[in-house]
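Chains as they are written, first to last, in this note's numbering: chain A, 2 to 285; chain B, 4 to 314.
See below:
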């Protein structure tokens, strides 16, 4: 057990260091920082505009409305960044090692295959979680400071769900990386994401127009890849009641139940275990 | 003497059709330098990979240091330099060795002592902080060698360790192998460079289609057979007939030289005396032991199929 933890730790540190050395994380952070700066600027000018043009009695409500909308738009971008960073950093996590033969010097050590997968997954998971926390807190902080103290209803819950979303995609990507080449894996993951994305919209529209078939299609796509449904759940945790009932990326006309979070947790761990099993069966 | 490596009918079949290793049974003794030889496609690399847990055997069994190769713990005291080595090239030389030291389970103190030692042994102390991406092929081979010996392994597998190296590099590899043997490490070498194997190996095994055809020291494998070149004042049919008494193979090279094949050196004085008795002037009588290349061609030459030669 201690031996396993040690080997997992070595691979986790190697993965984390690789992401840093290859500057992927820094590019992600740099672009994220640029986005946060732009967001802060936009937020400031909206605040100025409201202070100048909205009469005093309505200012508070207008500010809350604007803050909530801006936060949702910003968080939607962050949600997208999380997905992109997760896929782009981990798409070749195993296939890259196999393709370049670096796996030979690692797997011939006294290490189990599942320890390699677990170590890699953990390295990326820590990075994705830190990225999500940093970016989300930066955005919420800007909205709270500039937007007159607006705090979303359930910020911690939203943050945890966004992290779970990243981890769900990470597990799918790592599993794919044990099965496909890096390029094929990237194509499969983005197609799956596309299906889940469109499925989410179909479910939303189906709920509004009361179409059971459309709703069922959306649910199936969410079961296939829970990312979009998790975003909707996070989105609902960030919005004050009464703001949304329209068809937007932030709409929560059909909100996943808490059981869906349990499903996503099982999905994430199940796919990770499957990835460990698949690598264990491989010949290099 | 105990065996470091033992395999019994180790077999690998890919996709139920392609037989890579048919049934490898062999023993490698502790502390010896062992050469693993065979034509392309003979299953050498697949055999090594099965011993190192990189490829799962279809059937058969293998043990490293008394442990089944299916257990990761069997690889704790094993080093490996792959043939087509590629490392994490974004790591610096020192970081690279530190990473592998950690994977071998070496303590921090041990790594701190052993890493500079190995870097010095392979002549890379000057580039300790340089990323591997700036290394030449020879330097990568050397850092790979340092990695494979870092944890003072009981057995080390070197898959084509001198391919692509210049003469200085080869000399260094030879020195590292000798140093390892002096420390009691078993060295398992897979190489196409028979001259290198001949210089460094105590024992060799010839394999074909994943089966050991012959194994032993070069002297054992040649069965004491040697070639003898005679330089004489004349070569006559009567002389050739007379020499046939000692050798089945008597080949006149020209009017002054004859090549004989003999088993053992003890017949040489007899032949010399007979030649003098016949009034023949003997200018030279030079015995040559069979080289590994001669043996390889003798053992494998007749058997290598067209498929193997073209693979």
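For each residue, glycine too, the CB sits at the ideal point set by N, CA and C.
So, is residue i buried or exposed, given that buried needs 16 or more other C-beta atoms within 10 angstroms?
i: residue 270 of chain A; result: exposed
i: residue 290 of chain B; result: exposed
i: residue 64 of chain B; result: exposed
i: residue 214 of chain B; result: buried
i: residue 174 of chain B; result: exposed
i: residue 247 of chain B; result: exposed
i: residue 205 of chain A; result: buried
i: residue 222 of chain B; result: exposed
i: residue 240 of chain B; result: exposed
i: residue 54 of chain A; result: exposed
i: residue 35 of chain A; result: exposed
i: residue 217 of chain A; result: exposed
i: residue 107 of chain B; result: buried
i: residue 80 of chain A; result: buried
i: residue 303 of chain B; result: buried
i: residue 123 of chain B; result: exposed
i: residue 29 of chain A; result: buried
i: residue 46 of chain A; result: exposed
Identify, in the order they occur along the chain, each residue of the same chain with its Cβ nearer than 7 Å to the Cβ of residue i, setting aside the five sequence neighbours on each side.
i: residue 51 of chain B; result: 160, 162, 193
i: residue 33 of chain A; result: 82, 136
i: residue 103 of chain B; result: 150, 153
i: residue 68 of chain B; result: 7, 77, 80, 157, 158
i: residue 93 of chain A; result: 178, 183
i: residue 219 of chain B; result: 206
i: residue 312 of chain B; result: Confidence at residue 312 of chain B is low in this model, with a pLDDT of 39, below 50, so the placement of that residue should be treated as unreliable; the coordinate-derived value is given next. Same-chain partners within the cutoff: 42.
i: residue 46 of chain B; result: 23, 24, 210, 212, 213
i: residue 265 of chain A; result: 165, 169, 227, 231
Note down, in chain order, each residue of its chain lying with its Cβ closer than 8 Å to the Cβ of residue i, except the 5 sequence neighbours on either side.
i: residue 33 of chain B; result: 4, 5, 6, 7, 157, 187, 189
i: residue 180 of chain A; result: 186, 279
i: residue 139 of chain B; result: none
i: residue 260 of chain B; result: 232, 233, 234, 235, 238
i: residue 5 of chain A; result: 113, 116
i: residue 201 of chain A; result: 219, 222, 223, 229, 230, 232, 233
i: residue 14 of chain B; result: 22, 24, 25, 26, 27, 60, 61, 62, 63, 213
i: residue 52 of chain A; result: 60
Per the DSSP calculation, residue i is bridged to which residue(s)?
i: residue 241 of chain A; result: Residue 241 of chain A is not bridged to any residue.
i: residue 9 of chain B; result: B:30, B:66
i: residue 262 of chain B; result: B:232, B:254
i: residue 219 of chain B; result: B:207
i: residue 82 of chain B; result: B:159
i: residue 95 of chain B; result: B:134
i: residue 290 of chain B; result: B:231
i: residue 37 of chain B; result: B:191, B:206
i: residue 71 of chain B; result: B:66
i: residue 22 of chain B; result: B:16
Got a sec? Which residues, its chain only, sit under 6 Å from residue i by beta carbon, not counting five neighbours each side?
i: residue 196 of chain B; result: 165
i: residue 273 of chain A; result: 122, 172
i: residue 147 of chain B; result: 84, 88
i: residue 104 of chain A; result: 98, 285
i: residue 310 of chain B; result: Summary for residue 310 of chain B: the model assigns pLDDT 42, below 50, so the residue's position carries little reliability; its value from the coordinates is reported in the next sentence. Answer for residue 310 of chain B: no residue qualifies.
i: residue 149 of chain A; result: 64
i: residue 278 of chain B; result: 285
So, under 8 Å CB-CB, residue i and residue j are touching, yes? Tell me the CB distance rounded to an integer number of Å.
i: residue 231 of chain A; j: residue 162 of chain A; result: 5 Å
i: residue 127 of chain B; j: residue 145 of chain B; result: 6 Å
i: residue 12 of chain B; j: residue 62 of chain B; result: 7 Å
i: residue 159 of chain A; j: residue 238 of chain A; result: 4 Å
i: residue 228 of chain A; j: residue 84 of chain A; result: 7 Å
i: residue 119 of chain A; j: residue 9 of chain A; result: 5 Å
i: residue 225 of chain B; j: residue 292 of chain B; result: 7 Å
Helix, strand or coil for residue i? Go by DSSP, reduced to three states.
i: residue 17 of chain B; result: strand
i: residue 129 of chain B; result: helix
i: residue 248 of chain B; result: coil
i: residue 189 of chain B; result: strand
i: residue 229 of chain B; result: strand
i: residue 272 of chain B; result: helix
i: residue 134 of chain B; result: strand
i: residue 58 of chain B; result: coil
i: residue 142 of chain A; result: helix
i: residue 55 of chain A; result: coil
i: residue 228 of chain A; result: helix
i: residue 285 of chain B; result: strand
i: residue 260 of chain A; result: helix
i: residue 214 of chain B; result: strand
i: residue 88 of chain A; result: helix
i: residue 169 of chain A; result: helix
i: residue 80 of chain A; result: helix
Residues of the segment 93-123 of chain B with a CB closer than 9 Å to any CB of chain C: list them in chain order, please. Of the protein chains in this structure, namely A and B, none is chain C.
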